[in-house]
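Chains Y and H supply the protein sequences, listed in that same order.
Under the working numbering, residues 2 to 333 are what the first sequence spells out, in order.
Under the working numbering, residues 3 to 178 are what the second sequence spells out, in order.
Just so you know, even glycine gets a beta-carbon here, dropped at the ideal spot from N, CA and C.
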Amino acid sequence: MGKIKKRGIFFTFIAITIMAVFILVFAPSADVGLQKDIQSVKVRIASVDGYVGDLKGRYFETILRATTYKAVLSLISYINSTGSFVGDIDSAFYEISLNGTLNGIPIDDLTGKKIMDNNTISNWTKRVAQTAGSTLNVNTTIIVTNISIYQDKPWAVDSSLALSLLVKSNVAEWNDNITITTTMSIEGFHDPYYLVNTNKAYTNRLKRSSIPFDQWNISKVREHLRNGTYVENPRAPSFLMRFSNTISSSGCCGIESLVNPNSISVSDQRESYVDYLFWQHDYNPAANCTKLYNITNPSTGGGLWDEFEYFKLDISHVIDYNITSEDAVGNC
Amino acid sequence: MFKKRGYFFTLDAVLALAVLVIGVFLITAHYINVPQPVQVSLLADDLMGFLSNTKIKDLNNAYAGLGGQLWNEGLITDADNSLLQQIGEFYTANNLDIAEEFIQSVSKDSVPPQFLFEVWINDGIVYPKSPSQEHIRSKNSTSLLLTSKKITFGILNKTTSDVWGPYKAEVFVWER
Numbered sequence: 002m003g004k005i006k007k008r009g010i011f012f013t014f015i016a017i018t019i020m021a022v023f024i025l026v027f028a029p030s031a032d033v034g035l036q037k038d039i040q041s042v043k044v045r046i047a048s049v050d051g052y053v054g055d056l057k058g059r060y061f062e063t064i065l066r067a068t069t070y071k072a073v074l075s076l077i078s079y080i081n082s083t084g085s086f087v088g089d090i091d092s093a094f095y096e097i098s099l100n101g102t103l104n105g106i107p108i109d110d111l112t113g114k115k116i117m118d119n120n121t122i123s124n125w126t127k128r129v130a131q132t133a134g135s136t137l138n139v140n141t142t143i144i145v146t147n148i149s150i151y152q153d154k155p156w157a158v159d160s161s162l163a164l165s166l167l168v169k170s171n172v173a174e175w176n177d178n179i180t181i182t183t184t185m186s187i188e189g190f191h192d193p194y195y196l197v198n199t200n201k202a203y204t205n206r207l208k209r210s211s212i213p214f215d216q217w218n219i220s221k222v223r224e225h226l227r228n229g230t231y232v233e234n235p236r237a238p239s240f241l242m243r244f245s246n247t248i249s250s251s252g253c254c255g256i257e258s259l260v261n262p263n264s265i266s267v268s269d270q271r272e273s274y275v276d277y278l279f280w281q282h283d284y285n286p287a288a289n290c291t292k293l294y295n296i297t298n299p300s301t302g303g304g305l306w307d308e309f310e311y312f313k314l315d316i317s318h319v320i321d322y323n324i325t326s327e328d329a330v331g332n333c
Numbered sequence: 003m004f005k006k007r008g009y010f011f012t013l014d015a016v017l018a019l020a021v022l023v024i025g026v027f028l029i030t031a032h033y034i035n036v037p038q039p040v041q042v043s044l045l046a047d048d049l050m051g052f053l054s055n056t057k058i059k060d061l062n063n064a065y066a067g068l069g070g071q072l073w074n075e076g077l078i079t080d081a082d083n084s085l086l087q088q089i090g091e092f093y094t095a096n097n098l099d100i101a102e103e104f105i106q107s108v109s110k111d112s113v114p115p116q117f118l119f120e121v122w123i124n125d126g127i128v129y130p131k132s133p134s135q136e137h138i139r140s141k142n143s144t145s146l147l148l149t150s151k152k153i154t155f156g157i158l159n160k161t162t163s164d165v166w167g168p169y170k171a172e173v174f175v176w177e178r
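Pasting the structure below:
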């Protein structure tokens, strides 16, 4: 009897062991649950990762480009409204781009134009963080560490935006310090140097001359003066230097135009009519008249005085523009 | 006597095994019958990916592509816009009819006919602008409705650098 009981237990034990192994091997629930979790986490991470990629790759670049344009436009409007130059272009640009203020005062109040209203970097970073919160249920923190504007080529300004980005979701966290740069053409903007020096009486929009440096002649200069176009010249100040009246040479980015004597109140002045020299009065002392040339020659009938009377150039620019003695005579 | 009882226990174990095997089979079968959301989910993500990654200039479409009807009418001006950005731009300019037709045209061959979908911008339905009763019924009765979301933004006017957005863009997909 004792033996029979032992064998029964033995068979029952074997059956339970086999079934336990069978259940452990084939039980699907644990496996499916895990896979489902992994799949949903993957999808979630992919969508937030796409958002972070969009922010870094496109969003910041787009808002930096837009804000740069509007900040430069605001600065020109400010100069136009106040008739004064900006002290430090880089710090003014930082403040306007980030907060829409200049020296703590809203720039739109100073210019009377709604340019930066809801268009600052702060506005755009806040807006995207709110949208991401409601769309992807993530917490986005953007801290702007620097915004600057500079030039390394004559016909465009570069701006850069440095920020730290923290995106937190319930499955992962993205943390990065990034710097975005963008380039914007300066063509089409008003030259601030003209606005201040003529008290808005004479405005000139930046437009690049299409004439190559080695093809100048008197008829091309006439066209250049008529159209108010600009050329590169490393002895001239850059576009950004013109905001702060920093009239010195810019090796990389100097540009210049010619002042039309018909557009200023006193047409006949003892100056070189190259814009940055004209209002610097470098040639105004009578002693300097030997370095000036009237771009006319009564004996040949050449020059530009038939259309631009009293137009003068200094010797360097007479050479630059390839003006010969047939079209120019000394001022004294 | 001993042998008979041995058969009894063996038979008992086999029967128990059979009961358990059947039980495990039924449980497994239950899991297998759970609707698989993968295809619909992939379709929602694929459609959103198609809209957000395809640019106007890469689209071969007589209505919405480069040089197409909308381009010639001046309603599309930036060939570098993604389709989603173009939808957002139409939404910003309140061209909702154009947005609906645009989505209809670009999604024609992207969504299999047994599926229905909707495109929403900023919690407002853009496609279809006015859903039919059948569409609404189908959406309400589906057992599996999946969504894919993305943030979209763009430049409205390149000259004045006016930026639109960022908007929440959402695609809903379900089987008829």
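If the five residues before and after F240 (chain Y) are omitted, its C-beta is found closer than 6 Å to the C-beta atoms of I187, all from its own chain and listed in chain order. Selection H:K110, H:N159, H:Y93 and H:S150 evaluated against D47 (chain H) yields H:S150 as nearest (Cα-Cα). Between N120 (chain Y) and T68 (chain Y) the beta-carbon gap is near 6 Å, inside 8 Å, which marks them as a contact. For a Cβ distance threshold of 8 Å, residue set T162 and S163 of chain H lies close to Y70 (chain Y), ordered along the chain. With fewer than 16 other Cβ atoms from the protein chains shown falling within 10 Å of its own Cβ, T301 (chain Y) counts as exposed.
Distance from the CA of P262 (chain Y) to the CA of I116 (chain Y), rounded to the nearest whole angstrom, comes to 33 Å.
Residue Y:V275 holds the alpha-carbon nearest to the alpha-carbon of Y194 (chain Y) among Y:I97, Y:I320, Y:E224 and Y:V275.
Residues of the region 290-320 of chain Y whose Cβ lies closer than 9 Å to any Cβ of chain H: none. If you look at F155 (chain H), you'll find it isn't in any alpha helix (DSSP H); it sits in the beta strand (DSSP E) that goes L147 to N159. At a cut-off of 7 Å, the C-beta of K110 (chain H) has no neighbouring C-beta in chain Y. Three or more beta-carbon pairs separated by less than 8 Å link the region 49-65 of chain Y to the region 173-185 of chain Y, which places the two stretches in contact.
DSSP links R128 (chain Y) through a beta bridge to no other residue. Identification of residues in the region 49-82 of chain Y having a C-beta nearer than 9 Å to some C-beta of chain H yields G51, Y52, D55, L56, R59, Y60, T63, I64, R66, A67, T68, T69, Y70, K71 and L74, given in sequence order.
Only exposed fits V267 (chain Y), as fewer than 16 other CB atoms lie within 10 angstroms of its CB.
For N74 (chain H), the uninterrupted alpha helix (DSSP H) segment begins and ends at Q71 to N74.
Against I19 (chain Y), the close residues of chain H are L19, in the order they occur along the chain (beta-carbon pairs closer than 7 Å). Taking the beta carbon of R128 (chain Y) as reference, the chain H residues within 7 Å of it are P168, listed in sequence order.
In this structure, the straight-line span from the alpha carbon of F190 (chain Y) to that of N124 (chain Y) is close to 25 Å. Taking CB atoms only, A16 (chain Y) has a neighbour in chain H less than 7 Å away. In the DSSP assignment, V121 (chain H) is bridged to H:Y129 and H:V173.
Under DSSP, M185 (chain Y) shares a beta bridge with Y:V158.
Taking a cut-off of 8 Å on C-beta distances, the region 49-59 of chain H does not touch the region 90-98 of chain H, as fewer than three cross pairs fall below it.
Under the rule that a run must span 4 or more residues, the alpha helix (DSSP H) segments found entirely inside the region 165-252 of chain Y read 193-198 and 219-228. Residue pairing by DSSP leaves G88 (chain Y) without any beta bridge partner. Bridge pairing for W280 (chain Y): absent [DSSP].
Segment contact: the region 131-141 of chain Y against the region 100-112 of chain Y, fewer than three CB-CB distances shorter than 8 Å; contact not assigned.
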